[in-house]
Amino acid sequence: MRDRLRQILVLTFAIGQIVTTALTNQAFNETSTVPAQAEPVYFLPAGFTFAIWGMIIIGSVVYAVYQALPAQTERTVHRQIGWPLMVNSIFFSVWTVLAIAAGPVDTPEFQPGFLLGTVVVLAGMLAATGIAFVRLHGLMPQLDQTDRWLAAFPAALYYAWLNVAAIANTTSYLYGIGLRSNGALWATLLIGVAVVLACVTIIATRGPQLTGAYAGVILWALLGIAINNLDQSALVTGAAAAAAIIVAAVTVYRGPQLPERLPA
Numbered sequence: 039m040r041d042r043l044r045q046i047l048v049l050t051f052a053i054g055q056i057v058t059t060a061l062t063n064q065a066f067n068e069t070s071t072v073p074a075q076a077e078p079v080y081f082l083p084a085g086f087t088f089a090i091w092g093m094i095i096i097g098s099v100v101y102a103v104y105q106a107l108p109a110q111t112e113r114t115v116h117r118q119i120g121w122p123l124m125v126n127s128i129f130f131s132v133w134t135v136l137a138i139a140a141g142p143v144d145t146p147e148f149q150p151g152f153l154l155g156t157v158v159v160l161a162g163m164l165a166a167t168g169i170a171f172v173r174l175h176g177l178m179p180q181l182d183q184t185d186r187w188l189a190a191f192p193a194a195l196y197y198a199w200l201n202v203a204a205i206a207n208t209t210s211y212l213y214g215i216g217l218r219s220n221g222a223l224w225a226t227l228l229i230g231v232a233v234v235l236a237c238v239t240i241i242a243t244r245g246p247q248l249t250g251a252y253a254g255v256i257l258w259a260l261l262g263i264a265i266n267n268l269d270q271s272a273l274v275t276g277a278a279a280a281a282a283i284i285v286a287a288v289t290v291y292r293g294p295q296l297p298e299r300l301p302a
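Residue numbers for the sequence shown follow our numbering, beginning at 39 and rising by one.
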């Protein structure tokens, strides 16, 4: 009964992400809080980069449908990752509502308390997907190819993008409350921290679906940051480009690290 309840809730809240986004007309884009004429938030990727949310949400729903199949009801992998991914889906919808309520920065509609709320909720999303990511890492030898593509791959996409979104969302909040000095320098330092964490994760993770999805998303985000700063900061553009080269090199050097399938 508990397993069936989990299946229903995971599917319901995964679809809820699409419904909430459609109802609020909010495309989980942190740039929407910053006026075009304002001093830039240097860590933000270019607007086109946020199109990856479409792939992420579709992947989330694909996993939700997969785990809801009758044959998947009592499987360990879904018992391990289903609940945290369900929590993440709930947080996504909450984030979307808070982002709308926060309003644009430097306008009379701006509500810093709601924007701070998005930071807290996004931290919860990062924690929830992080739990699923770590558990999937441990389970990889037990998973078949279907599991790896329909469970591990979507979860890794989500977790990787939240690594970037959490930093971008936090910098947007700090910008909103007036902490704007030395923005390019701080963005460069944050890129350095992000690339170190990304490389450690890539080195420690096994399985091409986890490693490839994670590395690919980080590279996509760094590309977006580099392009977004072409007319804003040569320092940030150079740092993002260098970080992308480092992440790509570490990924290639490490290789896919295929986990051996445990005997049945």
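Glycine is no exception: its CB is placed at the ideal position from the N, C-alpha and C atoms.
| Query | Result |
| --- | --- |
| Thinking Leu200 and Thr249 are a contact (beta carbons under 8 Å), I'd like their distance in whole angstroms, please. | Not confirmed; about 17 Å, so no contact. |
| Could I get the ranges of all uninterrupted alpha helix (DSSP H) runs contained in the region 145 to 230, with 4 residues as the minimum, in chain order? | 150 to 177 and 191 to 214 |
| Can you list, in chain order, the residues of its chain with a C-beta nearer than 8 Å to that of Trp133? Leave out the 5 residues immediately preceding and following it. | Phe66, Thr156, Val159, Leu160 and Met163 |
| If you compare alpha carbons, which of Pro246, Asn220 and Thr145 is closest to Leu181? | Pro246 |
| I'd like to know whether the C-beta atoms of Ala198 and Ala251 end up nearer to each other than 9 Å. | yes |
| Using the C-alpha atoms, what's the distance from Val274 back to Val57? | 36 Å |
| Going by C-alpha to C-alpha distance, which of Asp41, Thr184, Ala280 and Leu268 sits closest to Leu82? | Leu268 |
| Closer than 6 Å by C-beta to Thr208: which residues in its own chain qualify, once you throw out the five before and the five after it? Chain order, please. | Val157 |
| With a threshold of 7 Å on Cβ separation, who are the neighbours of Thr111 within its own chain once the five nearest residues in sequence on each side are excluded? | Asp41, Arg42 and Gln45 |
| Rounded to whole angstroms, what's the CA-CA distance from Ile124 to Arg173? Just pull it up for me. | The question names Ile, but residue 124 in the sequence shown is Met. Using only the alpha carbons, I get a separation of about 15 Å. |
| In its own chain, which residues sit with a C-beta less than 7 Å from the C-beta of Ala253, not counting the 5 before and 5 after it? | Ile240, Val285 and Thr289 |
| Looking only at C-alpha atoms, which of Arg117, Ile53 and Pro122 sits nearest to Gly97? | Ile53 |
| Does DSSP put Arg117 in a helix, a strand or coil? | helix |
| Roughly how many angstroms lie between the CA atoms of Phe51 and Ile119, to the nearest whole one? | 14 Å |
| With a CB to CB cut of under 6 Å and the five nearest residues on each side skipped, what residues in its chain are close to Ala190? | Leu174, Gln247 and Leu248 |
| By Cβ distance below 6 Å, which residues in the same chain neighbour Ile128 in space, the five residues on each side in sequence not counted? | Phe51 |
| Comparing alpha-carbon positions, which option in Pro108, Phe130 and Cys237 lies nearest Tyr291? | Cys237 |
| Going by DSSP, what residue range makes up the alpha helix (DSSP H) through Val290? | Ala272 to Arg292 |
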